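In my numbering, the protein residues as written are 27 to 181.
Ideal placement from N, C-alpha and C gives every residue a C-beta, glycine not left out.
If you're wondering where the values come from, they're calculated on a predicted model, not measured in any experiment.
Accompanying notes for the structure given below.
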């Protein structure tokens, strides 16, 4: 599926050298906590009226196989406030990702919404996890199997 990038983004991607910088804006959210907004930059960025705090992280495409595509995210764990938030949750944290240019942060070039943060691991230096789409089509349906051992009154 082709992507509709702005002319500035296409020129920057195709140029041998460019002064443009691509930034990932990430919003982590869960009903139990306040949204966490970070940008892979050394200073905060405001995009579409939302402030994203500077945070060191890296996003790469995970290996592709027969499953849905996944992204691997690795964040610095310098102050450990993010891992404290993750550990406090009973349900998985979700994330929205947006790729923007530093020169035009209000223009979203690429967007991934409603990703689920799974397989989180951490140490004193970093937090790693997998961001994937919610795989509703691979979920078992119906959720329970009706048989005589579990529902003896039915038979």
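Could you give the residue range of the alpha helix (DSSP H) that holds residue 39? Within the chain shown, residue 39 is the residue found at index 13, counting from 1. Here the alpha helix (DSSP H) through residue 39 covers 33–40.
Just mark residue 157 as buried or exposed, buried being the case when its beta carbon has 16 or more other beta carbons within 10 Å. The residue labelled residue 157 in the question sits at position 131 within the chain shown. Buried, because 16 or more other Cβ atoms sit within 10 Å of the Cβ of residue 157.
Closest by CA to residue 122, which one among 109, 44, 61, 100? By 1-based counting over the chain shown, the position of residue 122 is 96. Measuring from the Cα of residue 122, the nearest candidate turns out to be 61.
Where residue 108 falls: helix, strand or coil (DSSP): Position 82 of the chain shown, counted from the start, is the residue given in the question as residue 108. Helix.
Could you tell me which of 138, 150, 148, 171 sits nearest to residue 87, measuring between CA atoms? Here the question's residue 87 lines up with position 61 in the chain shown. If we check each option's Cα against that of residue 87, 138 comes out closest.
Quick one: complete beta strand (DSSP E) runs, 3+ long, within the stretch 51–139? 59–65, 71–73, 76–80, 83–87, 96–102, 120–127
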